[in-house]
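K.L.:
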Amino acid sequence: MPNKKTRVVITRKLPDAIETRMRELFDVQLNLDDAPMSKADLIEAMKTADVLVPTVTDHIDAGLLSQAGPNLRLIANYGTGVDHIDLASARQRNITITNTPDVLTEDTADMTMALILAVPRRLTEGERVMRSDDWKGWSPTWMLGHRIYGKRLGIIGMGRIGQAVARRAKGFGLSIHYHNRRQLHEEVENELEATYWESLDQMLARMDIISINCPHTPATYHLLSARRLKLLQPHAYVVNTARGEVIDENALTRMLCAGEIAGAGLDVFEHEPAVNPKLMDLSNVVLLPHMGSATVEGRIDMGEKVLINIKTFADGHNPPDRVLSDTF
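In terms of this note's numbering, the sequence shown is residues 2 to 329.
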């Protein structure tokens, strides 16, 4: 596209520094309202776009892609997960997909560790007591949580984020266990002092805390099904900072209400932004609004990745963060 600027459509408001750079480099359509674009608006924008920059709140399905203009050749996702994009349909139309790996690893791992601490130690319950002015003073038997030191942490998905969680958890004295598509190299296992479980079912039955750190794919949809959730011990906690669809949320809610699981820390939900209303009433559940990667630094780093991917592609080269068929 040597004679004109690349036409870029961005579906949500990005950090000011990123939007400024986008304006300098490209013919860009911004979303100044920062509300998800309607399907009709998205279809209209895609008719003239060379590049689409969606986020997790956009559902780029086959029907949408079939109405895109002929110039759409790159979907530069603002985020790591791409389960909201129909990858097969995009490839059939010869559309390249990129994402923003690596830059969210530490932020998401921080939030995972925060939930691992918050749920057993009842941090948000205590905070609510203070704000409601109900605290009557210290008592030796009141607001007792559970020690995490020495407990078994089972990590589902030992990629970049899972390993970053393991490093943090190791520092808190947790015993690290994991289930993954492939066993890690011996030197990585030794560094993390991590034990591999080929059988997810067997691992679930023996853990005190479960951390979900795998992507959402057809293979991981409801990976924690009702059957598998029943394998957990009654004192176990579940933490999810990956994707809500990995857990059968209704089954999890039923078991939490029945006291069959001790608690949960959830940053993601199966039908975002909707949340099962029964979860709202449970004091042993910490709920966060999908903010695991929500840091100023992380959002800027994501935007810089998107910029590099678009600029590289527009210059006629393969962008560095292409999503390949076997990536997820």
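Beta carbons: idealized from backbone N, C-alpha and C, even for Gly.
Would you say the beta carbon of Leu280 comes nearer than 7 Å to a heavy atom of the ligand FMN?
P.N.:
This structure lacks the ligand FMN; in fact it carries no ligand of any kind.
K.L.:
Can you find the residues in the same chain that come closer than 8 Å, C-beta to C-beta, to Asp327, ignoring five residues on each side of it along the sequence?
P.N.:
With a pLDDT of only 46 at Asp327, under the threshold of 50, the placement of this residue in the model should not be trusted, and no figure is reported.
K.L.:
To test your reading of the DSSP string, which unbroken beta strand (DSSP E) runs of 3 or more residues are found completely within the region 138-211?
P.N.:
Runs of the beta strand (DSSP E) inside the region 138-211: 153-157, 176-180 and 195-197.
K.L.:
For Gln93, which of helix, strand or coil comes out of DSSP?
P.N.:
If DSSP states are grouped into helix, strand and coil, Gln93 belongs with the helices.
K.L.:
Leaving out five residues before and five after Gly155 in sequence, what residues of the same chain have Cβ atoms less than 6 Å from its Cβ?
P.N.:
Contacts found: His178, Met204, Met208 and Ile211.
K.L.:
Would you check if the distance between the CB atom of Ile44 and the CB atom of Ile76 is smaller than 8 Å?
P.N.:
It is not a contact, given that the beta carbons lie outside the stated cut-off.
K.L.:
So Asp28 is in the beta strand (DSSP E); what residue range does that whole segment cover?
P.N.:
Unbroken beta strand (DSSP E) run through Asp28: Asp28 to Gln30.
K.L.:
Measuring only the C-alpha atoms, how far is Ala46 from Gly293?
P.N.:
Near 29 Å, if we compare the C-alpha coordinates of Gly293 and Ala46.
K.L.:
Could you have a look at Ala77 and say whether DSSP puts it in helix, strand or coil?
P.N.:
Strand, per DSSP.
K.L.:
Taking just the CA atoms, how far does Pro290 sit from Met256?
P.N.:
Taking the straight line joining both Cα atoms gives about 22 Å.
K.L.:
Beta-carbon separation of Thr49 and Gly70 under 8 Å?
P.N.:
Yes; because the gap between Cβ atoms is below 8 Å, this pair is in contact.
K.L.:
Drop a sphere of 10 angstroms on the beta-carbon of Thr12, count the other beta-carbons inside from all chains shown, and report buried for 16 or more, exposed for fewer.
P.N.:
That one is buried.
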